[in-house]
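Q: According to UniProt numbering, the first sequence holds residues 1 to 554 in order.
Glycine included, each C-beta is placed from N, C-alpha and C at the ideal position.
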Amino acid sequence: MNTLKIIHYEDGVKWKSLEHNGPYFPPEYQPLPDDVHFYYDGKKMKLSVAAEEVALFFAQMLDHEYTTKKVFRENFFKDWRKEMTPEERSVIQDLNKCDFGEIHAMHKTKVEARKNMTKEEKQTLKEANQKIVDQYGYCLLDHHKERIGNFKIEPPGLFRGRGEHPKQGMLKKRIQPEDVIINCSKDARIPDPPPGHHWKEVRHDNTVTWLASWTENIQGSIKYIMLNANSKLKGEKDWEKYEIARKLKSCVDDIRNTYLGDLKSREMVTRQRAVALYFIDKLALRAGNEKEEGETADTVGCCSLRVEHITLHEQLDGNKCVVEFDFLGKDSIRYYNKVPVISKVFKSLKRFMDNKEPGDELFDRLNTSLLNKHLSSLMPGLTAKVFRTYNASITLQQQLKELSNKSDNVAEKLLSYNRANRAVAILCNHQRAPPKTFEQSMANLQAKIDARKEQLALAKSELKQAKKEAKDKGNSDIKLQRCEEHLLKMEVQATDREENKQIALGTSKLNYLDPRISVAWCKNMEVPIEKIYNKTQREKFAWAIDMTEDDFEF
DNA sequence: GCATTTACTTAGTAAATCGATG
DNA sequence: CATCGATTTACTAAGTAAATGC
């Protein structure tokens, strides 16, 4: 357990043998039935197959907010016109004159029909899907059968970037076998391309973990077919990640002293680096790589913060030296926080912002590469994101210790667990859109609680009466207890749900919290592991569930 | 006991990080 | 140093299962 890296093979080699059946391709486009029409400027118009397919992509999304956005509409229209025949192109010049109504209606009918399928039809469909999974969903890696995470080629459609993405609405093209690179071992059977097709390339690169790849046409980036999270390869990588974070725990005090000392440096780079590290450590900010302007939504992380993203307050809400953050991070999720900082950091920030305007970088001498180089010199394997893992996991461990009691019942223990989990999610700014039916379902639950309370009160008085008349057979006592338990459970549920309105627990659970902390907690608290990890999660964290004793400490 | 609502799971894929490459 | 490639992290939506009400 002391060696950090599991050395399986010589450097960089990920496997010795890899065999699979290639990716699964989405079905071909089925042209619209003859009674479904597209209209331009009020006139019926039969589209070519290529133009029709793209029209359907748009029509399918008509209920979505995307289709009301200017950028989305413009990008879509531009790309759609490229798919048209010259004749179509000369007619169709204005998206506002396009009537997708019938196509949209047809789509909705189809969705409805799928929902209303009989049990048998659903069963048939399920079996067909299972057949696809059986055929394409697994591979042999070093003679072990492993599940593939995403074995399907992404179907064509309209690009749905997050936030104000400049490329939203562009046509994501259909991928052909001729676009796909297959990776497998030399001695493996090469997967058959679909009939009449060939692969772009077959290579045998055992220094990577992917089975197939293609280049996507929106950003020109590469997409990969990779293993499921429960695979040995991914599991070991995950374990390594947490071991590095634990190693940070052992030297984090030194590192903190180092960057606090660096705040006094005469070198601008060093001071900027120190302040950035202070943020990354204290606030669990992401590194913040620079991004190409105009290619993606305007989002930032620590190193790419600009002056308009922070406001300095000498005094705010009774605190001194408060930094107010307001920026869009990964996935255009807003980060808003008011944080009291030490005065040296505050003064440095003021200096960094001198003579700068909105749009200028706060840390103009710093980038993630520089920062990570420095970090790796402090501890092998240390990068900016290790701080997030470390701070997330250590927070969970602390919170669990603080919040949970052995004497609590299971529902209360789980509330404590969720609260600890939530503290981490808040730290990492993992948000979700409040569920559309949140208010309603909250009101429903409250109504049920009230009803139960009433019932309980009634039952209590009845019991009293029964005891008085000495005709109680002892079983209404138990009934009452059950009723009380149920009420408590619902109240706990209500609290939990309310507190969780805008917070997503999944991301931290899956990616930041050392599962051994949770496994040890379950053992200690005598909570079944199934209560905190569902089947998928148990599979992913099988390594931790197997190896962890109740005395594990992160 | 069945239909409907609600909760939970899984799939899908975009968007980050970070080291390698030229 | 900028770009690229591989891998991890992220949220949303669709699908499915469970709970609930009639």
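1. Measure the C-alpha to C-alpha separation of leucine 366 and tyrosine 278 and round it to an integer number of angstroms.
2. Looking at C-beta atoms only, is the number of pairs between the region 507–517 and the region 536–551 that lie closer than 8 angstroms three or more?
3. What does glycine 101 pair with, by DSSP beta-bridge criteria?
4. Looking at the structure shown, is tryptophan 210 part of a helix, part of a strand, or coil, going by DSSP?
5. Identify the continuous beta strand (DSSP E) that holds cysteine 321 and give its terminal residues.
6. Determine the DSSP secondary structure at glutamine 431, reduced to helix, strand or coil.
7. So leucine 95 and cysteine 139 are supposed to be a Cβ contact under 8 angstroms. How far apart are they, rounded?
8. Got a sec? Which residues, its chain only, sit under 8 angstroms from threonine 3 by beta carbon, not counting five neighbours each side?
9. Please report the straight-line C-alpha distance between lysine 531 and leucine 414, rounded to a whole angstrom.
10. Give the single residue among Ser416, Glu74, Tyr39 whose Cα lies nearest to the Cα of leucine 396.
11. Would you call the region 255–269 in contact with the region 291–307, where contact means no fewer than 3 C-beta pairs closer than 8 angstroms?
12. Considering only C-alpha positions, which residue in the set Arg422, Arg388, Lys501 is nearest to alanine 433?
13. On the DSSP bridge list, what partners appear for isoleucine 182?
14. Among the candidates Phe38, Thr124, Phe76, Lys44, whose CA atom is the shortest distance from the CA of alanine 105?
15. Between the region 199–206 and the region 126–137, do at least 3 Cβ pairs fall closer than 8 angstroms?
16. Out of curiosity, what's the CA-to-CA distance linking arginine 306 and cysteine 483?
17. By how many angstroms is the C-alpha of serine 393 removed from the C-alpha of lysine 241?
18. Looking only at its own chain, which residues have a Cβ that is under 6 angstroms from the Cβ of phenylalanine 552, when we skip the five neighbours before and after it?
19. When you compare only the Cα positions, how much space is there between glycine 42 and threonine 68?
20. Report all residues from its chain with a CB closer than 6 angstroms to the CB of methionine 61; omit the five preceding and five following residues, and keep chain order.
21. Hey, quick one: how far does the beta strand (DSSP E) through proline 340 stretch, first residue to last?
22. For the beta strand (DSSP E) containing tyrosine 278, list its first residue and its last residue.
23. According to DSSP, is glycine 137 helix, strand or coil?
A: Based on what the coordinates show:
1. Those two C-alpha atoms are separated by around 14 angstroms.
2. yes
3. According to DSSP, which records beta bridges pairwise, glycine 101 is partnered with nothing at all.
4. Tryptophan 210 falls in the coil class under three-state DSSP.
5. 319–328
6. Three-state DSSP puts glutamine 431 in a strand.
7. In fact, because the Cβ distance is near 44 angstroms, the residues do not count as touching under 8 angstroms.
8. Annotation note: pLDDT 43 at threonine 3 (below 50); position unreliable, coordinate value reported separately. Closer than 8 angstroms at the Cβ level, and outside the excluded window around threonine 3, lies no residue.
9. Taking the straight line from one Cα to the other gives about 8 angstroms.
10. Ser416
11. No, the region 255–269 is not in contact with the region 291–307.
12. Lys501
13. Val202, Ala212
14. Phe38
15. With the cut-off at 8 angstroms, the region 199–206 and the region 126–137 do not touch.
16. 56 angstroms
17. 12 angstroms
18. Arg516, Ala520
19. When rounded, the distance between both Cα atoms is 20 angstroms.
20. Thr67
21. 334–340
22. Note, tyrosine 278: premise wrong, no beta strand (DSSP E); alpha helix (DSSP H) at 268–283.
23. coil
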